[in-house]
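S.K.:
2 protein chains.
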Amino acid sequence: MSERYLRSIRLLAECMQQFEKLSDSHIRQFELTHAQFDIIATLGNTEGLTCKQLGEKTLITKGTMTGVLDRLEIKQLIQRVQCNEDRRRSFVRLTPQGEKLFNSAFPHVIGMMKHRFADYDTNDFITLEQQLTKLKNSLG
Amino acid sequence: MSERYLRSIRLLAECMQQFEKLSDSHIRQFELTHAQFDIIATLGNTEGLTCKQLGEKTLITKGTMTGVLDRLEIKQLIQRVQCNEDRRRSFVRLTPQGEKLFNSAFPHVIGMMKHRFADYDTNDFITLEQQLTKLKNSLG
DNA sequence: TATTGTTATACTCTATAACTATA
DNA sequence: TATAGTTATAGAGTATAACAATA
Chain A
1 MSERYLRSIR LLAECMQQFE KLSDSHIRQF ELTHAQFDII ATLGNTEGLT CKQLGEKTLI
61 TKGTMTGVLD RLEIKQLIQR VQCNEDRRRS FVRLTPQGEK LFNSAFPHVI GMMKHRFADY
121 DTNDFITLEQ QLTKLKNSLG
Chain B
141 MSERYLRSIR LLAECMQQFE KLSDSHIRQF ELTHAQFDII ATLGNTEGLT CKQLGEKTLI
201 TKGTMTGVLD RLEIKQLIQR VQCNEDRRRS FVRLTPQGEK LFNSAFPHVI GMMKHRFADY
261 DTNDFITLEQ QLTKLKNSLG
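Heads up: the protein sequence lines correspond to chains A and B, in order.
If you're matching positions, the first sequence starts at 1 in our numbering and goes up one per residue.
If you're matching positions, the second sequence starts at 141 in our numbering and goes up one per residue.
1) From the DSSP secondary-structure annotation, give me the bridge partner or partners of S230 of chain B.
2) If we cut at 8 Å on Cβ distances, does R168 of chain B have a partner in chain A?
3) Short check: CB of L162 of chain B to CB of L132 of chain A, under 8 Å?
4) Find the nearest neighbour of E171 of chain B within the set B:C155, B:L189, B:Q193, B:K215, judged by alpha-carbon distance.
5) Measure the alpha-carbon distance for E3 of chain A versus T182 of chain B and round it to whole angstroms.
6) What three-state label does DSSP hand T127 of chain A in the structure shown?
7) Between I40 of chain A and chain B, is any beta-carbon pair separated by less than 8 Å?
8) At a CB-CB cut-off below 8 Å, which residues of chain B make contact with F125 of chain A?
9) In this structure, does DSSP put L162 of chain B in helix, strand or coil?
10) Out of A:K114, A:I40, A:L77, A:C83, which one is the CA nearest neighbour of K57 of chain A?
11) Note down the Cα distance separating N243 of chain B from S8 of chain A, rounded to an integer number of angstroms.
12) For the stretch 192–203 of chain B, which residues have a CB atom closer than 8 Å to at least one CB atom of chain A, in sequence order?
13) Just curious, the alpha helix (DSSP H) that I180 of chain B is in, first and last residue?
14) If you reduce the DSSP assignment to three classes, tell me which class T58 of chain A lands in.
15) Using only CA atoms, which one of B:A258, B:L212, B:T173, B:L275 lies nearest to D124 of chain A?
16) Take K66 of chain A as the anchor and find which of A:Q36, A:S138, A:M113 has the nearest alpha-carbon.
17) By the three-class DSSP mapping on this structure, what secondary structure does L11 of chain A have?
18) Does any residue of chain B have a CB that is nearer than 8 Å to the CB of R71 of chain A?
19) Nearest chain A C-beta to S244 of chain B closer than 8 Å, yes or no?
20) Check L77 of chain A in the structure and name its three-state DSSP category.
21) Kindly list, in the order they appear in chain B, the residues whose Cβ is closer than 9 Å to that of R93 of chain A.
22) Since I believe E154 of chain B is in contact with L59 of chain A (beta carbons under 8 Å), could you give me their beta-carbon distance rounded to a whole number of angstroms?
23) Could you spell out the range, first to last residue, of the alpha helix (DSSP H) harbouring G98 of chain B?
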C-alpha cells in the first residue's frame, strides 16, 4: 500500500493513458479500433507474422485474433498467406492498401506527437529510454 | 518514422503490456474485468466520485460507465448515492464489500510485484519517477 | 440552454472451450 | 500427442445518439 513502486506504476499508467487519449482520435480517424491499429502497427515494416507471433506481441488471444484479422481482411488491409513448410500456419501480411495506411497513419501520429517532445534533447531521450528499459526488464 | 521519441513510446507501451500481463491473472482471480478493476482501484481511498469524475480518471465514456457500474452494483461492490445539492449527480462509492476487496486485492498485487523491484534503491525510484513525471507532463 | 447520467443500438473485443488440420 | 488456427458462445466493453431530469 505504501510501497514505493506503486507510485511508479501509477505514473506509468497515467503516461499510457495520456498517450492513448492522444492517439485515440487519430486511430478512429482511420476507422480502426485499438486492436486493429495494434495489428497494423505490429505488421508494419515486417515481411509478415504468424497469428501466434502477433498474439505474443499484442496480447490478443488466438480466438480473438481470428475475428480481428477477419475484419482487417474484409477491409483489405491484411492478407493471410499459407505457409508451405508448415501448412498449419499462415503468415499475416499488410496488403498494399494496408501498407499505405500504415505509412500515412504513422506520420500523422508523429506529426501530432512531435511538438510534445519539443523540450527533449538527446540526453533526455537517453535517460528516458534507459529508465524505461530498466523498468521493462524488471517487469518482464 | 525515424523520430527518436517513437522508441520511448514503444518502450512505454511494452512496460504497460508487461504490467498488464502480470496483473491480469490477479484481476481475474477476483472475478473482475479490467474496466471493473479500474473503477474499484479509482474509488479506493476516496469518499466517492461522480460518474463524470470516474470517466475522466479512467477514460471510460459515460454510456459505457453506466453498464460497468451496473455490473459492480449487482456484485454489491459499489453503490450509487444521490447528491442532494445537485440532483442530477450521484456519488459512486465502494460498499464495505467493495472496500474489503480493494484492501485484499491490492496487497495481493503488491506481493506479486514486490520482488520485481528488488534491485531498485531509493535513488532508482527517484530517477524513474522523475522521468515518468516529465513524460506524463509532456504528453498531457 | 447546458449538464448529469441513463437508455438503446449495433459492433467489437474478450475468455473459454471444442474443433479441424497438420506435424 | 502436440501445435496452429478456426469456430462457437456468452458476456463485456465501445461509440454514438437520443433521452429524462435537473440546473
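Even glycine gets a Cβ: it sits at the ideal position worked out from N, Cα and C.
M.R.: Checking against the coordinates, here is how it stands:
1) B:Q222
2) no
3) With a cutoff of 8 Å on beta-carbon distance, L162 of chain B and L132 of chain A are scored as not near each other.
4) B:K215
5) 17 Å
6) T127 of chain A: helix per DSSP, three-state reduction.
7) Not an interface residue.
8) Under the 8 Å cutoff, chain B gives R144, Y145, R147, S148.
9) helix
10) A:I40
11) 20 Å
12) L199
13) Unbroken alpha helix (DSSP H) run through I180 of chain B: 174–183.
14) helix
15) The closest CA to that of D124 of chain A, considering only B:A258, B:L212, B:T173, B:L275, is found on B:L275.
16) One point to set straight first is that residue 66 of chain A is Thr, not Lys, in the sequence displayed. Among A:Q36, A:S138, A:M113, the Cα nearest to that of T66 of chain A belongs to A:Q36.
17) Collapsing the DSSP output to three states places L11 of chain A in a helix.
18) In terms of beta-carbon proximity, R71 of chain A stays away from the interface with chain B, with every pair separated by 8 Å or more.
19) no
20) coil
21) By Cβ distance, chain B contributes nothing, its closest Cβ being about 19 Å from R93 of chain A, past 9 Å.
22) Not really, about 11 Å apart at Cβ, beyond 8 Å.
23) The requested residue 98 of chain B is not part of the displayed model; chain B covers only 141 to 280.
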